[in-house]
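Working notes, beginning with the structure itself.
Residue numbers (UniProt numbering): 1 to 279.
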């Protein structure tokens, strides 16, 4: 554990951390080989490291000093809270935010131990109820409020699996001020664990949502994006969906072959502008 991690949570080792991918030092195995282009953000000027929020493991990054910080919940990809998600938290902390990435699979299993995506989806991801996820995000937001975060400036961003969750959370928490959803699935069949999808709650959004999508995403058809645009017009808050022509799914994931620098950088700038406007 790095010194900055100890300073964030000095009694961490005594608690017997039960986290999953948070305990690892690198990327999720199921995500495949890590590309050399992977961005690495240092923790200079930050307090960053694992943190227990009750029984919920999380990774937290924030400026080393300051209070009443705007808070951003960072929602993982299907691979859990691995190094890319931790790095996103540090990037946000460098911008002055208190960033929290709760480990949302920790009750169902450890994604860092799974070597292939089909097994991961079946044995862990499909077992995670949306209601549990939303409650855990509420817990993370409450923890932030009592640990230097500003309750009146709460945002959320998520990627892939977390992009879908970001849409749902924008309809769930009336205290949320802004959301940025990266290529989150918008439509789907209802199930016990996933009773509703973004298209179903589009008219109930309580915070402005920015959706960032790839025109070449084989898993999210453009017609579903257009349906979401139309449905979101019923919401009383601003919703904007940007589609980057030819960009594939996971175009922001700089550690994977799907990474596309130009749309990733453009999307990151849009994220910054969105949070500056609404938080």
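The C-beta atom is built at its ideal place from N, Cα and C for all residues, glycine as well.
Query, Result
"Just to confirm the assignment: which complete alpha helix (DSSP H) runs, minimum length 4, are found wholly within the region 172 to 215?", "198 to 201"
"Excluding the 5 residues preceding and the 5 following residue 241 in the sequence, name in chain order all residues of the same chain whose CB lies nearer than 7 Å to its CB.", "211, 213, 225, 228 and 229"
"Can you name the start and end residues of the alpha helix (DSSP H) that residue 97 belongs to?", "Residue 97 -> no alpha helix (DSSP H), and no H or E assigned at all."
"Using only the heavy atoms of the ligand MN, determine whether one of them is closer than 6 Å to the beta carbon of residue 208.", "With respect to the ligand MN, the structure shown offers nothing to examine, as it has no ligands at all."
"Roughly how many angstroms lie between the CA atoms of residue 318 and residue 239, to the nearest whole one?", "Since the first residue shown for the chain is 1 and the last is 279, residue 318 is missing from the structure and cannot be characterised."
"Just to confirm, is the Cβ distance from residue 148 to residue 69 under 7 Å?", "yes"
"Taking 7 Å as the limit between beta carbons, can you name the residues of its chain near residue 205, skipping five residues before and five after?", "170, 171, 232, 235, 237 and 239"
"Could you tell me how far apart the beta carbons of residue 46 and residue 101 are, in whole angstroms, since I believe they sit closer than 8 Å?", "With a Cβ gap of about 14 Å, residue 46 and residue 101 do not count as contacting."
"So what does DSSP say about residue 63, is it helix, strand or coil?", "strand"
"Would you mind working out which of 131, 182, 146 and 132 sits nearest residue 156, comparing C-alpha positions?", "182"
"So who's on the other strand from residue 240, going by DSSP bridges?", "210"
"Under the assumption that residue 112 contacts residue 29 (Cβ atoms under 8 Å), give the Cβ distance between them as a whole number of angstroms.", "7 Å"
"Under a Cβ-count criterion, where at least 16 other Cβ atoms within 10 Å of its own Cβ denotes burial, should residue 220 be classed as buried or exposed?", "buried"
"Just to confirm, are residue 73 and residue 137 a CB contact at a threshold of 7 Å?", "yes"
"What three-state label does DSSP hand residue 265 in the structure shown?", "helix"
"Would you say residue 159 and residue 83 are within 7 Å of each other, going by their C-beta atoms?", "no"
"What does a CB cutoff of less than 7 Å around residue 163 pick up in its chain, not counting 5 residues either side in sequence?", "181, 182, 183 and 184"
"Taking the alpha-carbon positions, what's the residue 44 to residue 86 distance?", "14 Å"
"Looking at the unbroken beta strand (DSSP E) that takes in residue 72, where does it start and where does it end?", "69 to 75"
"Run through DSSP, which three-state label would residue 101 get?", "strand"
"Taking a contact to mean a Cβ-Cβ separation below 7 Å, would you say residue 56 touches residue 139 in this structure?", "yes"
"Quick check: what's the CA-CA separation for residue 154 versus residue 89?", "14 Å"
"Give me the Cβ distance between residue 207 and residue 178, rounded to the nearest whole Å; I'm assuming they're in contact under 8 Å.", "6 Å"
"Report yes if the C-beta distance between residue 254 and residue 38 is below 7 Å; otherwise report no.", "yes"
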